[in-house]
Amino acid sequence: MKIRKAKTTDVKHIHQLVNEFAKKEEMLPRSLNDLYDSIRDLYVYEDKGKIKGVCALHIMWDDLAEIRSLAVSKDLQGKGIGKRLLTTCIKEAKGLGIKRVFALTYQPEFFRKMDFKPIDKSKLPQKIWGDCLRCPKFPECDEDAVIREL
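Numbered per this note's numbering, the sequence shown spans residues 40 to 189.
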């Protein structure tokens, strides 16, 4: 049971995990291509050789990063794995000199427990103009935006 940087051999398992939640509209789907493109952003939680959790830290700007695709297998939820994955990404962000980390989420309470505060999406123009325009839910986004100052 450990958290580590993702490898290309993990991508199909990550894809399956993330898209299980996406099918239930609990998070946005990710394509295989997108996951391979962002492999360096991804951390995984591995348990007995199986990928049971994932979280990504995506750099948006010189002082801003996004937490993406935080998911933990249903059978391991409530055991602190999501918190450990998020903490790992925040530690990396601090090491890179990032000052603010945000997320768009359907689980704002989880992030609030980790010192994230609500923020209006319009305060995140790098996200809106970089990624959101390509999202099928744009401009009717139903995710909550949260941010944490580091």
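Backbone N, C-alpha and C define an ideal beta-carbon position, used for all residues, glycine too. None of these values were measured; they are calculated from a predicted model.
field: Residue from V185, A184, D183 and L163 whose Cα sits closest to the Cα of W100
entry: Comparing Cα-Cα distances from W100 to each of V185, A184, D183 and L163, the minimum goes to L163.
message: What residue range does the alpha helix (DSSP H) around G88 cover?
response: Here G88 belongs to no alpha helix (DSSP H), and DSSP marks it neither H nor E.
task: Could you check what DSSP says for K138 in three-state terms: helix, strand or coil?
output: It is coil, neither helix nor strand.
task: Tell me whether the beta-carbon of I120 lies closer than 8 Å to the beta-carbon of Y84.
output: Between I120 and Y84, the CB-CB gap stays under 8 Å.
message: Quick test of your reading: L125 and M153, contact by CB under 8 Å. State the CB separation rounded to the nearest angstrom.
response: Indeed, because the Cβ distance is near 6 Å, the residues count as touching under 8 Å.
- prompt: Expressed to the nearest angstrom, what Euclidean distance is found between the alpha-carbon atoms of R79 and D49?
  reply: About 12 Å.
- prompt: Per DSSP, H97 forms a beta bridge with which residues?
  reply: DSSP output for H97 lists E105 as bridge partner(s).
query: Quick one: what's I158 bridged to in DSSP?
result: For I158, which the question treats as bridged, DSSP gives no partner whatsoever.
field: Nearest-angstrom Cα separation, counted from G136 out to K160
entry: Cα-Cα distance, rounded: 23 Å.
query: What do you get for S108, buried or exposed, if any count of 16 or more other CB atoms within 10 angstroms of its CB means buried?
result: So S108 counts as buried.
Residue nearest to F155 in terms of C-alpha spacing, selected from I53, K130 and I186: Comparing C-alpha distances from F155 to each of I53, K130 and I186 shows the shortest one belongs to I186.
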